[in-house]
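Beneath this line is the structure, given in structure tokens, with notes to follow.
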Amino acid sequence: MIRRTLILAAAASTLLAGSALAAKAGAIDISGAWSRPAPAGGNGVGYVVLANGGKADRLLAASTPVAGRVEIHESMVMGGKAMMHPRPRGVDLPAGKTVALKPEGFHLMLIKLNRPLKVGESVAVTLKFEKAGSVTVPFKVQATAGAAPAMDHSHH
Ligand SMILES: [Cu+2]
């Protein structure tokens, strides 16, 4: 696992000069991983783009040393109100398709952060795929995704 992570990190830095935000698990290209600043004891989020160049797969779970656990959620608007629902079965990654975990859609929820997440740092999140196995990816902590509105995660 450690050896694989090192190889992936080296490959990512070679392929994307200046960016350590891409990795690969099997046929799945992982890019654009980011998170938001959040206080210790609170919940953080994780967004990432998964491009599946192989057979149908699934994002099953995720974990990180900075949170007690990670859940996969889906945001949706119901009756004009933004809500989130756990997706215990994970996220389908159809063959040849790109699925983005992003604000107002699927996201990782980093439950009960054991330390604050600060803008500019990266947190290691391990993504577990049904077929492609596990890979650890740095999620860059940044204030915004650009036009994306801030989401309220306080109901957790
Ligand atoms: Cu959530």
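Take the sequence shown: its letter number 53 is residue 57 in this note's numbering, and every next letter is one higher.
Don't be surprised by glycine CBs; every beta carbon is placed ideally from N, CA and C.
Predicted model only: the values in this text are computed from it and were never measured.
Hey, out of the options, whose CA is closest to residue i's CA?
{"i": "V52", "options": "L131, K135, S79, S138", "result": "L131"}
{"i": "N47", "options": "L112, K135, G124", "result": "L112"}
{"i": "L105", "options": "G50, D33, R40", "result": "G50"}
{"i": "G100", "options": "A42, V145, K59", "result": "K59"}
{"i": "D33", "options": "H89, V141, A44", "result": "V141"}
{"i": "G109", "options": "S126, V127, M80", "result": "M80"}
Rounded to whole angstroms, what is the Cα-Cα separation between residue i and residue j?
{"i": "L114", "j": "A26", "result": "20 Å"}
{"i": "A65", "j": "I76", "result": "7 Å"}
{"i": "V70", "j": "V129", "result": "9 Å"}
{"i": "L97", "j": "W38", "result": "19 Å"}
{"i": "F143", "j": "M82", "result": "29 Å"}
{"i": "T102", "j": "K135", "result": "16 Å"}
{"i": "K85", "j": "E78", "result": "14 Å"}
{"i": "L117", "j": "R62", "result": "25 Å"}
Should residue i go down as buried or exposed, given a rule of 16 or more other Cβ atoms within 10 Å for buried?
{"i": "K28", "result": "buried"}
{"i": "P107", "result": "buried"}
{"i": "N56", "result": "buried"}
{"i": "T68", "result": "buried"}
{"i": "T148", "result": "exposed"}
{"i": "A42", "result": "buried"}
{"i": "R119", "result": "exposed"}
{"i": "V95", "result": "buried"}
{"i": "R40", "result": "buried"}
{"i": "V123", "result": "exposed"}
With respect to the beta strand (DSSP E) encompassing residue i, which residues constitute its N-terminal and C-terminal limits?
{"i": "G137", "result": "137–145"}
{"i": "T130", "result": "126–133"}
{"i": "R73", "result": "71–82"}
{"i": "K116", "result": "110–117"}
{"i": "N56", "result": "48–56"}
{"i": "L63", "result": "61–67"}
Next on the checklist: Any residue with its Cβ nearer than 5 Å to a heavy atom of ligand 1 should be included. What is that list in chain order?
Outcome noted: H77, M88, M113
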